[in-house]
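First up is the structure itself, then whatever we jot down about it.
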Amino acid sequence: MIPLQVREVGYAYEDGPVVLSGLTLAIPAGRALALLGPNGSGKTTLLRLLTGGLVPDSGTVELAGVPIRHDRKGLTALRRAVQLVVQDPDDQLFSASVVQDVSFGPLNLGLPPDEVRARVATALAALGITDLAERPVHLLSFGQRKRVAIAGAIAMRPEVLVLDEPTAGLDPAGQEALLVTLAELRAAGTTVVMATHDVDLALRWADDAAVLAGGRLHTGAAASVLSDTALLAAASLRPTWGHAAAAVLRSHGLSTADSALPRTPEELASFAAPERLGEFSDREKPTDLRA
1239 MIPLQVREVG YAYEDGPVVL SGLTLAIPAG RALALLGPNG SGKTTLLRLL TGGLVPDSGT
1299 VELAGVPIRH DRKGLTALRR AVQLVVQDPD DQLFSASVVQ DVSFGPLNLG LPPDEVRARV
1359 ATALAALGIT DLAERPVHLL SFGQRKRVAI AGAIAMRPEV LVLDEPTAGL DPAGQEALLV
1419 TLAELRAAGT TVVMATHDVD LALRWADDAA VLAGGRLHTG AAASVLSDTA LLAAASLRPT
1479 WGHAAAAVLR SHGLSTADSA LPRTPEELAS FAAPERLGEF SDREKPTDLR A
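In structure tokens form, the structure reads like this:
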């Protein structure tokens, strides 16, 4: 099933150049999609189109195969199913306390108070911020505010969660905690779309990747798309660490050109398993000339 897609979408800001033209993207249910591209390529514009924040100049945005209606009824239905977390949490948070902010969306759905409290408690726990529930939002650190913004989206229990640079401003521990949360959401059936500049994160995390380069969208399995160094260069993105690691492995005979890129340190370590190193040692062992 394709819960969310754009067909031949075009968009230009008023008195500005065309940002997107004839762009088509289908987001399969339950998948993790990384959206990459240089600054100004249209990543944020695409996310806003997907979530109803902008109306396309041409083409359609579809939810469950039905074009989105940009009226109150249509956008309400969209926001029940699709939630956007913007890059700067200060553009998204506006309530006095954490619990009030995370409660806002579920309350607007007209849910019973007990259901709202349950959703808020689950979302705060998922982001590891239960202890911040009564804290004033303006006293939180940037990373804490970012987690509150994500919790607010999670509390809506969307089918599709869309995040714009969610790891920006988070320390390594915060990034790891976020990835664990996203993995849990995916395990529960949530589709996740993430815009990022971090090619290593995309390789590690995503099932699929979409790269905006030269006005075109290049999509496919993450390992395949992110192994295309020419495409990454066209999008002003460096090669992944997995590509560099794979080159070293090939140079030592531990993988072939057809081998998949290592996506994580654990996958890289598997190439150095004793049995593989043993095979390598046997191949490299010099001939005993005294025989």
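Throughout, our numbering is defined as the position within the sequence shown, counted from one, plus 1238.
Every residue, glycine too, gets a C-beta built ideally from N, C-alpha and C.
The model shown is predicted, which means the values in this text are computed figures rather than measured ones.
Exercise. What are the boundary residues of the alpha helix (DSSP H) that G1390 is part of?
Worked result: Sequence index remark: in the sequence shown, residue 1390 carries index 152 (1-based). 1380-1392 is the extent of the alpha helix (DSSP H) around G1390.
Exercise. From G1291, I1240, A1363, V1324, pick the residue whose C-alpha is nearest to that of T1434; which is it?
Worked result: As a position in the sequence shown, residue 1434 is number 196, starting the count at 1. Taking only the C-alpha atoms, the option nearest T1434 is V1324.
Problem set entry | T1298, DSSP secondary structure in three states | For the purposes of this step, residue 1298 is taken as residue 60 along the sequence shown, with counting starting at 1. Residue state, collapsed to three classes: strand.
Exercise. Helix, strand or coil: which one does DSSP assign to S1474?
Worked result: Numbered from 1 along the sequence shown, position 236 holds the residue referred to as residue 1474. Looking at S1474 - three-state DSSP - the assignment turns out to be coil, as it is neither helix nor strand.
Problem set entry | Rounded separation between G1254 and V1400 - CA only | As a first step, residue 1254 is located in the sequence shown; it is residue number 16 there, counting from the start. As a first step, residue 1400 is located in the sequence shown; it is residue number 162 there, counting from the start. Rounded to whole angstroms, G1254 to V1400 spans 25 angstroms at the Cα level.
For this session: Over the uninterrupted alpha helix (DSSP H) stretch that includes D1438, give me the two end residues.
Result: For the purposes of this step, residue 1438 is taken as the residue at position 200 of the sequence shown. Here the alpha helix (DSSP H) through D1438 covers 1437-1443.
Problem set entry | Cβ-based neighbour list, L1347, same chain, cut-off 8 angstroms, excluding 5 preceding and 5 following | In the sequence shown, the residue the question calls residue 1347 occupies position 109. Result list for L1347: R1318, M1394, in chain order.
Exercise. Under 8 angstroms, do L1441 and T1478 count as touching if we go by C-beta distance?
Worked result: As a first step, residue 1441 is located in the sequence shown; it is residue number 203 there, counting from the start. As a first step, residue 1478 is located in the sequence shown; it is residue number 240 there, counting from the start. Against a cut-off of 8 angstroms, the Cβ pair of T1478 and L1441 comes out as a contact.
Exercise. If you count every other CB in all the chains shown that lies within 10 Å of the CB of D1352, and 16 or more means buried, which is it?
Worked result: Mapped onto the sequence shown, residue 1352 falls at position 114. Classification for D1352: exposed.
Exercise. Is the beta carbon of V1244 sitting closer than 8 angstroms to the one on L1292?
Worked result: Position 6 of the sequence shown, counting from 1, holds the residue named residue 1244. Position 54 of the sequence shown, counting from 1, holds the residue named residue 1292. Contact: no.
For this session: Flag this pair as touching only if the stretch 1292-1302 and the stretch 1464-1471 have three or more C-beta atom pairs under 8 angstroms; answer yes or no.
Result: no
Problem set entry | Sequence-distant residues of the same chain with beta carbon closer than 6 angstroms to V1256, five excluded per side | Numbered from 1 along the sequence shown, position 18 holds the residue referred to as residue 1256. Excluding residues within five positions, the ones whose Cβ falls inside 6 angstroms are A1250.
For this session: Specify, as a first and last residue, the run of the beta strand (DSSP E) that D1409 falls within.
Result: Within the sequence shown, the letter at position 171 stands for residue 1409. Unbroken run through D1409: none, as it is neither H nor E.
Problem set entry | Segment contact, 8 angstroms Cβ cut-off, at least three pairs: the stretch 1381-1393 with the stretch 1404-1421 | yes
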